[in-house]
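S.K.:
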Amino acid sequence: MHTQLQDDAMRTPNVQSEYASGVLTLTVSGDIDHHCAASLRTSVDREIYYYRPKLVLLHLGDVTFMDSAGLGFFMGRYQLCKTLGCAFRLVDPPERVMRILSLSGMDRKLTVEKVYRGEKRSTGPSAAEGIKTEEERI
Amino acid sequence: MKASQKKIVVNQMKTEFRAISENERLARTLVCALLAPLDVTVDELADVRCAVSEAVTNSIVHGYGGGCADRTVYILTTLYADRSVKIVIRDRGVGIADVDAAMEPLFTTDKSGERSGMGFAIMKTFMDSVRVRSTPGLGTTVELKKTFAPLAAQETAEDVQTQTLFAEERAQEAFV
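Residue numbers (my numbering), protein chains in the order written: chain A, 5 to 142; chain H, 77 to 252.
1) DSSP state of H/Phe196, grouped into three classes?
2) Ignore the nearest five residues each way along the sequence and tell me which others in A/Leu62's own chain have a CB closer than 6 Å to its CB.
3) Can you have a look at H/Arg101 and say buried or exposed, based on whether 16 or more other CB atoms are within 10 angstroms of its CB?
4) May I ask you to verify whether the region 144-153 of chain H touches the region 44-56 of chain A, counting CB pairs closer than 8 Å and requiring at least 3?
5) Could you tell me which chain A residues have their CB closer than 7 Å to the CB of H/Glu46, listed as they occur along the chain?
6) Going by the CB atoms, is the gap between H/Val137 and H/Val175 shorter than 7 Å?
7) DSSP three-state label for H/Arg147, please.
8) Beta-carbon separation of H/Val114 and H/Thr91 under 7 Å?
9) Could you name the residues of the same chain whose beta carbon sits closer than 7 Å to that of A/Asp35, not counting the 5 residues immediately before and after it, in chain order?
10) Within this structure, are the beta carbons of H/Thr211 and H/Gly171 separated by less than 7 Å?
11) Identify the continuous alpha helix (DSSP H) that holds A/Gly74 and give its terminal residues.
12) H/Arg125 versus chain A: which residues are under 8 Å apart at the beta carbon?
13) Rank A/Leu59, A/Ala41, A/Ser33, A/Asp111 by C-alpha distance to the C-alpha of A/Lys86 and give the top, closest one.
Written out as structure tokens, the structure reads:
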């Protein structure tokens with residue numbers, strides 16, 4: 005299952021969605037600012053409501069810019085996932101995104117996975133159980 | 077105060093645009109474009125880009141209540157000879173009654189849980205100084221300042237490289 009979600013004409017961030025056995029993988033590319041967050045929110049929430057996954061992985065490797073609107077966006081999705089009873093994780097945030105996450109202390113509230121020198125590392129509340137879930141998936 | 081009056085201005089840009097959220101990208105891109113000739117580091121540029129985005133977003137979202145096509149956001153960007161920049165972002169929006177409270181990290185007027193309240197905290201972290209003046213009903217002015225690292229470090233690295241090259245050439249010549 006592979007869908008391309010094209011947003012409005014303003015070439016705002018693009019979301020690619022992939023769903024397999026309870027895991028919804030969303031890959032965001034482009035800028036995440038206040039303007040773009042609105043359409044991003046609609047796209048991402050639509051996917052979450054549609055698939056009702058057990059785990060949402062938000063891949064950030066292709067994010068080119070993010071400001072505090074991105075933090076609000078993550079917080080909102082985290083709350084939504086919590087309400088729906090699914091886990092929510094940020095994957096592979098670029099260094100600039102990571103800086104803003106740690107500045108706000110959000111890297112401790114949310115689970116952030118980062119591949120570091122070929123080794124997967126997690127921070128946040130479910131860091132320890134993170135590896136377990138990865139194994140379950142396989 | 078005298079020191080700042082003596083500062084030599086090398087370039088200046090006056091920008092004004094409609095207070096709509098589409099222009100957040102435009103604003104940060106324009107300011108960063110003006111900084112390009114200074115040859116600042118990628119990180120320094122990203123700092124400014126993010127801080128400008130925060131201030132402009134504040135003007136549009138809070139000053140003008142989420143955006144207003146017939147209102148305007150003004151930016152005055154000044155580059156100085158000492159590799160510093162001053163960016164003044166001004167709106168004629170609703171203003172902030174308690175600036176100190178608004179500048180506290182995590183302070184937000186938002187109830188939906190979609191906003192972080194980290195705007196001013198990010199500006200403070202990424203810039204050298206942030207000054208806010210606001211009058212309820214008249215608008216808000218945010219003044220951001222940053223001095224960039226001197227180019228010396230970069231030049232030194234190049235010098236070392238060149239010197240090494242010369243030394244190698246000389247060694248080869250001596251060998252021949």
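The beta-carbon is built from N, C-alpha and C at its ideal position, and this holds for glycine as well.
Computed from a prediction, not measured in an experiment: that's the story for all the values here.
M.R.: Answer, in terms of the structure:
1) To locate residue 196 of chain H, count along the second sequence from 1; it is residue 120. H/Phe196: helix per DSSP, three-state reduction.
2) As a first step, residue 62 of chain A is located in the first sequence; it is residue number 58 there, counting from the start. Counting only Cβ-Cβ distances below 6 Å, and skipping sequence neighbours, we find Leu30, Leu94.
3) The residue you call residue 101 of chain H lines up with position 25 of the second sequence. H/Arg101 is buried by the Cβ-count criterion.
4) no
5) What the structure shows of chain H is the stretch from 77 to 252, and residue 46 of chain H is not part of that stretch, so it cannot be assessed.
6) Within the second sequence, numbered from 1, the residue matching residue 175 of chain H stands at position 99. Within the second sequence, numbered from 1, the residue matching residue 137 of chain H stands at position 61. Their beta carbons are not under 7 Å apart, which means H/Val175 does not touch H/Val137 by this criterion.
7) As a first step, residue 147 of chain H must be located in the second sequence, where it is residue number 71. Correct three-state label for H/Arg147: strand.
8) Sequence index remark: in the second sequence, residue 114 of chain H carries index 38 (1-based). Sequence index remark: in the second sequence, residue 91 of chain H carries index 15 (1-based). Here residue 114 of chain H is Leu; the residue named in the question, Val, does not match the sequence. It is not a contact, given that the beta carbons lie outside the stated cut-off.
9) Taking the first sequence and counting its residues from 1, the one referred to as residue 35 of chain A is at position 31. Once the five neighbours on either side are set aside, the close Cβ partners of A/Asp35 are Pro17, Thr68, Phe69.
10) One-based indexing of the second sequence puts residue 211 of chain H at position 135. One-based indexing of the second sequence puts residue 171 of chain H at position 95. Yes; because the gap between Cβ atoms is below 7 Å, this pair is in contact.
11) Numbered from 1 along the first sequence, position 70 holds the residue referred to as residue 74 of chain A. Here the alpha helix (DSSP H) through A/Gly74 covers 72-88.
12) On the second sequence, position 49 is the one that residue 125 of chain H refers to. Within 8 Å Cβ-Cβ: Phe69.
13) Along the first sequence, read from residue 1 onward, the residue named residue 86 of chain A stands at position 82. Of the listed residues, the one whose Cα sits closest to A/Lys86 is A/Leu59.
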